[in-house]
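Note sheet for the following structure.
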Amino acid sequence: MNIAALDTTHLVALAAALGWASGLRLYAVVFITGAAGYLGWVPLPAGLQVLQHPAVMAASGLMFVMEFFADKIPAVDTVWDLVHTFVRIPAGAALAAAVFGGDSTAWTTVAALLGGTLAASAHAAKATTRAAANTSPEPFSNIGLSLAGDLAVPGMLWLAWEHPIAFFVALAAALLLGLVLTVVLFKFLRVLWRRLTGRGGTAPAVAGRAA
Numbered sequence: 695m696n697i698a699a700l701d702t703t704h705l706v707a708l709a710a711a712l713g714w715a716s717g718l719r720l721y722a723v724v725f726i727t728g729a730a731g732y733l734g735w736v737p738l739p740a741g742l743q744v745l746q747h748p749a750v751m752a753a754s755g756l757m758f759v760m761e762f763f764a765d766k767i768p769a770v771d772t773v774w775d776l777v778h779t780f781v782r783i784p785a786g787a788a789l790a791a792a793v794f795g796g797d798s799t800a801w802t803t804v805a806a807l808l809g810g811t812l813a814a815s816a817h818a819a820k821a822t823t824r825a826a827a828n829t830s831p832e833p834f835s836n837i838g839l840s841l842a843g844d845l846a847v848p849g850m851l852w853l854a855w856e857h858p859i860a861f862f863v864a865l866a867a868a869l870l871l872g873l874v875l876t877v878v879l880f881k882f883l884r885v886l887w888r889r890l891t892g893r894g895g896t897a898p899a900v901a902g903r904a905a
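If you're matching positions, the sequence shown starts at 695 in this note's numbering and goes up one per residue.
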């Protein structure tokens with residue numbers, strides 16, 4: 695696909711994908727996007743071409759590997775998510791804004807707001823879901839959720855590039871699912887916390903077991 699052929703729909707889809715995916719796997723987003731541009735698989739907009747610089751790819755690749763393993767260790771993943779609350783959201787906003795490269799102040803601002811909001815939504819859903827999964831003694835649900843995130847990021851980026859309309863449908867479904875998980879599991883974690891700290895309340899049933 696020629697960069698000149700990217701219309702507004704493609705650019706908005708790409709900005710949304712970068713923002714949303716940054717809330718799940720920031721370093722994977724940076725590395726995959728940079729590598730795709732470096733290898734000539736996709737033409738990156740001018741504002742994103744810095745991602746294909748070898749130094750940026752090396753740094754993001756190293757952090758990508760670290761996050762891949764950290765995200766699969768119970769408790770470590772929650773600490774990682776907590777720390778990256780202050781990294782993923784502004785980074786998602788910056789990457790989304792970079793899609794328009796400053797050519798249009800209005801579009802760049804809209805993209806930054808969109809990217810930051812989507813990154814925050816994805817991050818909240820991920821952090822809440824993983825914290826709830828860590829209450830289970832078995833590690834398999836944790837690893838399964840992590841692998842699902844590993845696959846979702848390149849899948850959504852690919853959809854944004856090749857099938858932007860299908861991407862918007864998938865994004866709407868992901869946002870709806872994330873909202874439901876965040877609300878339901880946050881309530882579960884709040885009740886569990888109250889029970890553990892002796893503040894009353896009854897933990898809800900999880901995975902078919904009554905608390």
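All C-beta atoms, glycine included, are put in the ideal place defined by N, C-alpha and C.
>> So L742 and A792 are supposed to be a Cβ contact under 8 Å. How far apart are they, rounded?
In response: 5 Å
> CA-CA distance, L700 and G713?
Replying inline: 18 Å
> What are the boundary residues of the alpha helix (DSSP H) that includes G795?
Replying inline: Careful: G795 lies outside any alpha helix (DSSP H) and carries neither H nor E.
>> Quick test of the definition: if touching needs 3 or more C-beta pairs under 8 Å, does the segment 844-857 touch the segment 826-836?
In response: no
> In whole angstroms, what separates the C-alpha of A819 from that of A864?
Replying inline: 16 Å
>> Are the CB atoms of G810 and G717 within a distance shorter than 7 Å?
In response: no
> On the three-state DSSP scale, how would you describe H857?
Replying inline: coil
> What is the DSSP secondary structure of E832, counted as helix, strand or coil?
Replying inline: coil
> Using CA coordinates, which residue listed in A816, R782, A730 is at the minimum distance from M757?
Replying inline: R782
> Is D771 closer than 7 Å to R719 when the C-beta atoms are compared?
Replying inline: no
> Among A826, Q746, F794, which has the Cα closest to the Cα of H704?
Replying inline: F794
>> Quick check on the burial criterion: 16 or more other C-beta atoms within 10 angstroms. Buried or exposed for E761?
In response: buried
>> Just verifying my parser: in three-state terms, what is the DSSP assignment at P784?
In response: helix
>> Does H906 come out as helix, strand or coil in the three-state DSSP assignment?
In response: Examination of residue 906 is not possible in this model, given that the chain is present from 695 through 905 alone.
> Rounded to a whole number of angstroms, what is the C-alpha to C-alpha distance between P739 and V874?
Replying inline: 34 Å
>> One question on the structure: do L853 and A860 come within less than 7 Å of each other, judged by their Cβ atoms?
In response: yes
>> Taking its Cβ as the centre, do 16 or more other Cβ atoms sit within 10 Å of H778, making it buried, or is it exposed?
In response: buried
>> Only counting the same chain, and skipping five residues up and downstream in sequence, which positions put a Cβ closer than 7 Å to that of G902?
In response: Residue confidence is low: G902 scores 43 on pLDDT, short of 50, so the model does not pin down where it sits. Its coordinate-derived value is still stated next. Excluding residues within five positions, none has a Cβ falling inside 7 Å.
> Smallest Cα separation from D775: which of A821, F880, V878, L745?
Replying inline: A821
> Any idea what DSSP makes of G734, helix, strand or coil?
Replying inline: coil
> Out of curiosity, what's the CA-to-CA distance linking S754 and G892?
Replying inline: 43 Å
> Exposed or buried, what is P748 when buried is set at 16 or more other beta-carbons lying within 10 Å of its beta-carbon?
Replying inline: exposed
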